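Beneath this line is the structure, given in structure tokens, with notes to follow.
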Amino acid sequence: TGCFTYDPGFTSTASCESKITYIDGDKGVLLYRGYPIDQLAENTTFLETAYLLLYGELPTKEQYDAFTVRITRHTMLHEQMNRFFSGFRRDAHPMAIMVGIVGALSAFYHDSLNIRDPWQREMASIRMIAKMPTIAAMAYKYSIGQPFIYPKNDLDYSANFMRMCFAVPCEDYPIDPVLTRAMRRIFILHADHEQNASTSTVRLAGSSGANPFACISAGIACLWGPAHGGANEAALMMLEEIGSVDRIPEYVKRAKDKDDPFRLMGFGHRVYKNYDPRAKIMQKTCHEVLGAVGLKDDPILKVAMELEKIALSDEYFIEKKLYPNIDFYSGITLKALGFPTEMFTVLFALARTVGWIAQWKEMVEDPSQRIGRPRQLYTGATERPFVPMGDR
Ligand code: CMC
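Count along the sequence shown starting at 1, add 8, and that's the number in the working numbering.
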């Protein structure tokens, strides 16, 4: 009953109006504020793209410099928060730590919780973008038992993050331009993707007036799932399990078998029914990184390339329009950059924070905004009288 449409998985329901990101899934187009993703990935720094997503235009030199200063002033975590990490088990998944620490920011930064105050909204946005690399790197360092490395603010966002992850005290950490560029591209490619599950989670949480740190923490929790942000980890594990080119047909057969729940991880997308434009850039970046670290002949890369070739010429995948998505090559690349698989989704969360914040701001600043409240098709019992426990 009632005049609403049943749309499981929201495949045909627009939940909001947005000016941030445009996707044409049939043509394989992705634009941030009108700019093609490949041009941004090739020509901008991460903070330039972040500025674009947040404020709607690419920054002038003055705007960019001022934004960079604003961000770098907030890269440190409160020292008391540093001790928060030791409450987690050493073998905790870093995403579990991220959910906890980011949510806990609400308990530390009381001057950025009032979402009706534009200054506080701006402070929360800047703080989130500035602190995410620090928190992510600390989650990593904690898991391997190494001391935290503090941010170095004269470095670019991506180089600073890699240094916080991989440097050790009292030793120089040389910045590798090829690896830093790859990191920057990965961050830009993941920065936003319109109303995906985690972004919709952030918007829905935010629609009740919840504070931004709590909303981003909800987004991180949603992103953690293997059908969303966890797919790059799953894709790499699948490629490693396949192991060699001769085993590919066996896995392709399983993926096509209706009675087998196995899917080719890193393939298919709810919106892209063509090659994911991010996957193209990711594939190129993957080759560059593997070349730079001397893994050009990595057997896993060979499996990936061959699997892509076989799947793209297979009738099942053609008919269902299943193409490689961004996660297909990002796992191999991140591994070659030196990250363990548990960190993959953390890096996705770090980059997507910019999109989440931009989408959250857009929603909060929209005067027509109402609390998100989907309806349901009730399929339970009809009304019946209460039965006392002794009579059941
Ligand atoms: N391997 C084999 N068959 C597949 C695959 C796959 N990877 N993906 C979809 N299919 C089949 C599916 O079995 C279904 O067949 P049928 O119509 O006969 O029942 C059909 O294609 C449509 O699939 P769906 O599950 O209804 O499509 P969806 O839009 O609900 O799901 C998806 C999209 C991404 C969850 C799904 O393609 C999938 O599970 N892919 C593997 C996981 C993955 O790579 N996820 C990363 C997504 S990109 C990163 C992000 O944006 O978060």
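All C-beta atoms in this analysis are idealised placements derived from N, C-alpha and C, irrespective of residue type, glycine included. The structure displayed is predicted, hence computed values, not measured ones.
Restricting attention to Ala167, Gly398, Leu121 and Val311, the CA atom closest to the CA of Ile224 is found in Leu121. The alpha-carbon of Ser26 is positioned some 39 Å away from that of Ala389. Ala312 is not a Cβ neighbour of Met273, given a cutoff of 9 Å. The secondary-structure analysis by DSSP pairs Tyr40 across a beta bridge with Thr29 and Tyr43. Shortest gap from the CB of His201 to any heavy atom of the ligand CMC: under 8 Å. With a cutoff of 8 Å, Pro234 counts as near the ligand CMC, since its C-beta is closer than that to a heavy atom of the ligand. If you ignore the 5 residues before and after Asp34, its C-beta comes within less than 7 Å of the C-beta of Lys281 and Asn282, all in its own chain and listed in chain order. Judged by DSSP secondary structure, Gln203 falls outside any alpha helix (DSSP H); it is assigned neither H nor E. The DSSP-derived three-state label of Phe116 is coil. DSSP places Pro332 within a strand segment (E or B) once states are collapsed to three. Per DSSP, Asn240 is one residue of the alpha helix (DSSP H) stretching across Ala239 to Ile250. At the C-beta level, Tyr331 and Gly36 come within 9 Å of one another.
Leu163 and Ile183 have their C-alpha atoms spaced approximately 9 Å apart. Residue pairing for Phe275: DSSP places it in a beta bridge opposite Pro332. By the neighbour-count criterion, in which 16 or more other beta carbons inside 10 Å mark a residue as buried, Met136 falls on the buried side. When C-beta atoms of the region 102 to 121 are compared with those of the region 53 to 60, fewer than three pairs fall below 8 Å, so the two segments do not count as touching. Under the three-state reduction of DSSP, Lys266 is assigned to coil, being neither helix nor strand. Straight-line measurement puts the Cα of Arg171 at about 15 Å from the Cα of Ala138.
Ranked by Cα distance from Asn333, the first of Ala239, Leu298 and Ala213 is Ala239.
Taking every protein chain shown into account, the CB of Val176 has fewer than 16 other CB atoms within 10 angstroms, so this residue is exposed. One alpha carbon belongs to Leu48, the other to Arg286, and they sit about 11 Å apart. Taking 8 Å as the cut-off, one finds no heavy atom of the ligand CMC near enough to the beta carbon of Thr83.
CA-to-CA, the gap between Ile340 and Met351 works out to about 13 Å.
In this structure, Leu320 is the residue among Arg124, Leu320 and Arg211 with its C-alpha nearest to the C-alpha of Lys329.
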